[in-house]
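So the sequence shown is numbered by numbering that gives the first Met the number 0: it starts at 0 and just counts up by one. Where a beta carbon is used, it is the ideal one built from N, C-alpha and C, also for glycine. Written below as structure tokens is the structure these notes are about.
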Amino acid sequence: MKRTKNILRDGLLPRMEAIQRKKGISYRYHVPGGKPIGLGMDKVAAIRKVLDIIGAAGDTGTIGKLWEEFKETDRWKRYAPDTRKDYEQCSGPLLLRFKDARASDIEAPDVARYLRKERKDAPVRANREVALLSNLIGLAIEFGQAKTNPCREVRRNEEQPRTETADPADFKAFTDWLAAQGGQRAMVGMAAEYAALAGNRKIEFLDLSWPQVDRKAGHIRVKRAKQRGKKRGEVIEQIEITPPLAALLDRLEAIRGDKECLYVFTTKFGTHYTRDGFKGFWGKLLNEAIEEKVIVQRFTFHDLRAYYATQHKSERGALPDLHANPATTARVYDRNKIVKRKAL
Numbered sequence: 000m001k002r003t004k005n006i007l008r009d010g011l012l013p014r015m016e017a018i019q020r021k022k023g024i025s026y027r028y029h030v031p032g033g034k035p036i037g038l039g040m041d042k043v044a045a046i047r048k049v050l051d052i053i054g055a056a057g058d059t060g061t062i063g064k065l066w067e068e069f070k071e072t073d074r075w076k077r078y079a080p081d082t083r084k085d086y087e088q089c090s091g092p093l094l095l096r097f098k099d100a101r102a103s104d105i106e107a108p109d110v111a112r113y114l115r116k117e118r119k120d121a122p123v124r125a126n127r128e129v130a131l132l133s134n135l136i137g138l139a140i141e142f143g144q145a146k147t148n149p150c151r152e153v154r155r156n157e158e159q160p161r162t163e164t165a166d167p168a169d170f171k172a173f174t175d176w177l178a179a180q181g182g183q184r185a186m187v188g189m190a191a192e193y194a195a196l197a198g199n200r201k202i203e204f205l206d207l208s209w210p211q212v213d214r215k216a217g218h219i220r221v222k223r224a225k226q227r228g229k230k231r232g233e234v235i236e237q238i239e240i241t242p243p244l245a246a247l248l249d250r251l252e253a254i255r256g257d258k259e260c261l262y263v264f265t266t267k268f269g270t271h272y273t274r275d276g277f278k279g280f281w282g283k284l285l286n287e288a289i290e291e292k293v294i295v296q297r298f299t300f301h302d303l304r305a306y307y308a309t310q311h312k313s314e315r316g317a318l319p320d321l322h323a324n325p326a327t328t329a330r331v332y333d334r335n336k337i338v339k340r341k342a343l
């Protein structure tokens, strides 16, 4: 047989209390860290009041709702398109786990479990997803829907920067193999050569146009990507045209011929490559090269930026100016195995 106290609590929400009085049963809600709020003696009306208080009548304060609200903020509008796309990819697995969870209910052990167990097969990606979760909970704090951010209390999964770069012999064999096939495959090979010679990111040069190439002045001008705040789009990289780069430009101009083509690295339709289109084509060509034993070891296109930095230091004794923070260039892109120095 149920005790009277348990009978009174049947059907109530968490933190609601039913009190037996002479005139009937009154209800109140215990606010975390605050004084109880009287709800009257109508049970249904009391539950509705609590739902209004905690926002449970809708999806207010849930991670799913916060994600939609986050995309309406000025901060989101300032993000670069690639950053937005990355966050949208992160939101997929994150919302599968936390969509209906309220920001105020998420605790540090929940975040740690997500990082260490639920996403153990993708530890680096999990770090990016928790970074998004931290932003969403931060937004909830601004809205008064949460008090603390548990993501700040949990150590992220360890990340190790890549230590290998493209082997010079493998890289030459790969580009020679592409050049021999001609067409768009040769164009992708020349794009890879450009990345290895100039050190630009794909996003910086896939839409490179011929007016940016000044053969008389001897340089190429491109906008540096990943600039923040007032510097966005203001840092221009002026790349000196060296003899190897000049030879590459000669080959590209020969393909251009008399055609009024604006872009340096053009598709068969006369447009520039999109980032996703180029990435897919690159992966396909690399897989074929490995299958046909043209190259021994796989390397990413971004490894060519590290290839440039590594060769630059090896030949000129110093790392190039690739990043706003020189320490980042040294940590991420310097993959020299031999450190040269002089004795006294």
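Please name the residue, chosen from the options, that lies closest to residue i on a Cα-to-Cα basis.
i, options, result
"Ile254", "Thr241, Gly269, Asp166 and Ile240", "Gly269"
"Asp238", "Glu259, Leu207, Phe264 and Lys267", "The amino acid at residue 238 is misidentified as Asp; the sequence shows Ile. Checking every option, the nearest Cα to that of Ile238 belongs to Leu207."
"Ala168", "Leu343, Phe298, Arg184 and Lys21", "Phe298"
"Met186", "Gly198, Arg155, Gly217 and Tyr272", "Tyr272"
"His218", "Pro243, Arg200 and Ala224", "Pro243"
"Pro92", "Leu65, Thr61 and Ala121", "Ala121"
"Cys150", "Lys48, Asp109 and Lys34", "Asp109"
"Leu261", "Trp209, Ala79 and Gly23", "Trp209"
"Trp75", "Leu138, Lys119, Met40 and Asp41", "Leu138"
"Ile235", "Phe204, Glu314, Lys215 and Leu251", "Phe204"
"Ala317", "Glu68, Phe300, Lys339 and Ala197", "Lys339"
"Thr147", "Gln183, Ala179, Glu106 and Tyr193", "Glu106"
"Thr328", "Ala79, Thr162, Lys42 and Arg124", "Thr162"
"Thr59", "Glu16, Gly33 and Ile140", "Ile140"
"Ala178", "Gly198, Tyr78 and Ala288", "Ala288"
"Gly279", "Arg184, Glu252, Glu158 and Lys341", "Arg184"
"Ala79", "Arg223, Ala326 and Val129", "Arg223"
"Asn134", "Ala172, Glu158, Arg124 and Phe69", "Phe69"
"Glu157", "Lys171, Gly181 and Ala125", "Ala125"
Given that a residue counts as buried once 16 or more other Cβ atoms are within 10 Å of its Cβ, and exposed if not, what is residue i?
i, result
"Gly282", "exposed"
"Ala245", "exposed"
"Met312", "The question names Met, but residue 312 in the sequence shown is Lys. Counting Cβ neighbours within 10 Å, Lys312 comes out buried, since at least 16 surround it."
"Gln19", "exposed"
"Leu284", "buried"
"Leu95", "exposed"
"Ala323", "exposed"
"Phe142", "exposed"
"Gln144", "buried"
"Val30", "exposed"
"Val49", "buried"
"Arg47", "exposed"
"Glu152", "exposed"
"Gly188", "buried"
"Ala102", "buried"
"Arg250", "exposed"
"Leu343", "exposed"
"Arg118", "buried"
"Lys34", "exposed"
Would you list the residues sitting across from residue i in a DSSP beta bridge?
i, result
"Asp213", "His218"
"Thr61", "Arg101"
"Ser133", "DSSP, once it has assigned bridges, lists no residue as partnering Ser133."
"Ala44", "Answer by DSSP bridge pairing: none, since Ala44 is not bridged."
"Glu16", "Arg27"
"Glu239", "His218"
"Thr265", "His271"
"Ser208", "Tyr262"
"Gly37", "Arg27"
Compute the beta-carbon to beta-carbon distance between residue i and residue j, rounded to the nearest angstrom, for a pair I have assumed lies under 8 Å.
i, j, result
"Arg127", "Asp85", "7 Å"
"Asn97", "Leu132", "What sits at residue 97 in the sequence shown is Phe, not Asn. That pair is a contact at about 7 Å."
"Trp353", "Val295", "A query on residue 353 cannot be resolved here, the shown segment of the chain reaching from 0 to 343 and no further."
"Arg14", "Tyr28", "6 Å"
"Pro160", "Arg304", "Going by Cβ atoms, the distance from Pro160 to Arg304 rounds to 12 Å, so no, they are not a contact pair."
"Val212", "Val263", "7 Å"
"Thr164", "Asp302", "5 Å"
"Tyr193", "Leu114", "With a Cβ gap of about 38 Å, Tyr193 and Leu114 do not count as contacting."
Exercise. Taking three-plus beta-carbon pairs below 8 Å as touching, is the stretch 327-340 in contact with the stretch 301-316?
Worked result: yes
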